[in-house]
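Quick notes on the structure that follows.
Numbering (the numbering used here), first residue to last: 646 to 1201.
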């Protein structure tokens, strides 16, 4: 069996101008990055504003395990299959981060015969969006330190600067650093730190902004720190929002690529779902909805993180809500949630499927709380047995949720036809009645407790002393009516990554609250989740290389 990259490199790509022609996009509407990648111009985006809105399908998953779920693969394969059954379909997904690409998780371009292409470019530097976001973030950091050096007219307390530098890599050594050391010309010494680029508020802003003016407004609202009198300092106080927007003027335009089957795809923006809101850009999703009859998008990690944030944070910024949600699982992952070790997952174990189904069942119940119909997609593996499949179908029937096997990794669009038919039929027969989980007017504590109790099924929330102080500060500054973006481990409903399956009646500890005024939400940090990941003992980078002719080796 060929690897993902071997499959990708065996495909003869169509010029992107030909791929998007079927959507009514012409050569003059594109800003080309070679033959196979392009950005869509703002002129074209504005022309589409009065187009009818198509159907939106959100793909999410159970809590991720080392067994793998294949959410991006199903997203891409489903879109290819919808096109194959005659539904005019587009994809809108996130850009990969070099951190996980070179770490342990790998890229985010799908897999097998359900990939977006050119896979190597998308997983590496692509159109430079990540670099632009990194540069804008670090330009702001440099401007803050220069302001301190040049007299500090705003009276910024250097001990209370909250803006961090970023790099698009997993680099634990940069989590806590001291800058400005040496002679007086090197700046004001202070403690600082780095986040990964996808955790930057500028990444979140890029993904929620609707145009250049909205981008500038959001950038201006970023809180970079506090004065000695504890009043907040914004980017607008530094008067640099225009410069930051200038750096991002191309990055904000959605990127167009294609799947193996020629389905047009927006790949744009890439915040992580365990430390940010985990969705591709509003601009890309909204534009796809006006270009196609069906748009397939995804949200990061499990439905307790990505889907909740998509529905509570992103959807209010879209012209419509999802018409259906597809929850991806594998029998291997269900067995792992049922207590089976990774090295025993290929052995038949019906009882473990039954035990692990509790995780999938809870995600289905949670999505239904938002008033949206659910379809379960089982990403097939060769080790799946007939007895396990029959058991899973019976369990899904007990909670009245349609379930379809999908073999899109091995069989491409043909392997997703049953899933595509079921999703299309569900949209036609069960109209969504979308509602958010909570009202923004509720207190910070109430909003967090609602997420913990309704989605995670925890019993209580403990706010550490630092978080309590920050809540009082947030209320004092009038920021408490913003939605909550939970930063939590992706592996469990709880804040304990080892608690698999469907734990309940646990306590969630909120250690810190970070206002993201530009993005328009408040991040609540739980457990020991970090905004700068580390590399594993054997990172994926060890298997990467490049041939003499420039061909990439080892990406996945």
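From the three backbone atoms N, C-alpha and C, an ideal C-beta is built for every residue, glycine too.
Coil, strand or helix - residue i by DSSP
i	result
residue 807	coil
residue 961	helix
residue 881	helix
residue 903	strand
residue 829	helix
residue 1017	coil
residue 858	helix
residue 690	helix
residue 843	helix
residue 890	helix
residue 836	strand
residue 1157	strand
residue 762	strand
residue 909	strand
residue 1056	helix
residue 655	helix
residue 735	strand
residue 700	strand
residue 955	helix
residue 1202	Examination of residue 1202 is not possible in this model, given that the chain is present from 646 through 1201 alone.
residue 814	coil
residue 920	coil
residue 1108	strand
residue 1118	helix
residue 1051	strand
Contact set for residue i: own chain, Cβ-Cβ below 6 Å, skip 5 residues either direction
i	result
residue 1089	1116, 1125
residue 944	705, 923, 924, 951, 952, 955
residue 937	699, 733, 734, 735
residue 726	1058, 1061, 1062, 1065
residue 1153	1097, 1103, 1106, 1140, 1171
residue 621	Since the displayed the chain opens at 646 and closes at 1201, residue 621 lies outside it and no answer follows.
residue 886	861, 864, 865, 880
residue 650	1200
8 Å Cβ shell around residue i - same chain, five flanking residues per side excluded
i	result
residue 761	721, 736, 738, 754, 755, 767, 902, 903, 904, 910, 912
residue 663	none
residue 825	790, 831, 832, 833, 834, 835
residue 707	714, 947, 948, 972, 973, 974, 978, 979, 982, 1004, 1005, 1008
residue 874	800
residue 993	1030, 1032, 1033
residue 1020	969, 970, 971, 972, 1046, 1047, 1048, 1049, 1064, 1067, 1068, 1071
Close-in-space but distant-in-sequence residues of the same chain around residue i (CB under 7 Å, 5 per side omitted)
i	result
residue 709	946, 947, 1135, 1136
residue 772	678, 682, 684, 900
residue 849	916, 921, 922, 1161, 1164
residue 1122	877
residue 846	867, 1161, 1163, 1164
Integer-rounded CB distance, given that residue j should sit under 8 Å from residue i
i	j	result
residue 979	residue 1002	6 Å
residue 811	residue 782	5 Å
residue 843	residue 752	Not a contact, Cβ separation roughly 13 Å.
residue 1130	residue 1166	4 Å
residue 686	residue 675	7 Å
Minimum C-alpha distance to residue i - residue among the options
i	options	result
residue 770	678, 799, 711, 1141	678
residue 729	787, 939, 1019	939
residue 1052	1029, 1073, 814	1029
residue 1146	807, 863, 743, 982	982
residue 918	1119, 1026, 1133	1133
residue 942	1093, 758, 1111, 724	724
residue 779	656, 892, 1035	892
residue 962	988, 852, 1162	852
residue 1087	856, 1128, 1076, 1074	1128
residue 669	658, 657, 659, 690	690
residue 1184	1200, 1193, 1192, 1194	1200
residue 988	680, 711, 647	711
residue 1044	907, 1025, 1013	1013
Beta-carbon proximity check, residue i vs residue j, cutoff 8 Å
i	j	result
residue 1017	residue 969	yes
residue 985	residue 997	yes
residue 1168	residue 1159	yes
residue 1186	residue 747	yes
residue 965	residue 990	no
residue 815	residue 1148	no
residue 701	residue 932	no
residue 799	residue 882	yes
residue 870	residue 807	yes
residue 785	residue 860	no
residue 854	residue 897	yes
residue 1196	residue 841	no
residue 813	residue 764	no
residue 1157	residue 1112	yes
residue 718	residue 1024	yes
residue 659	residue 907	yes
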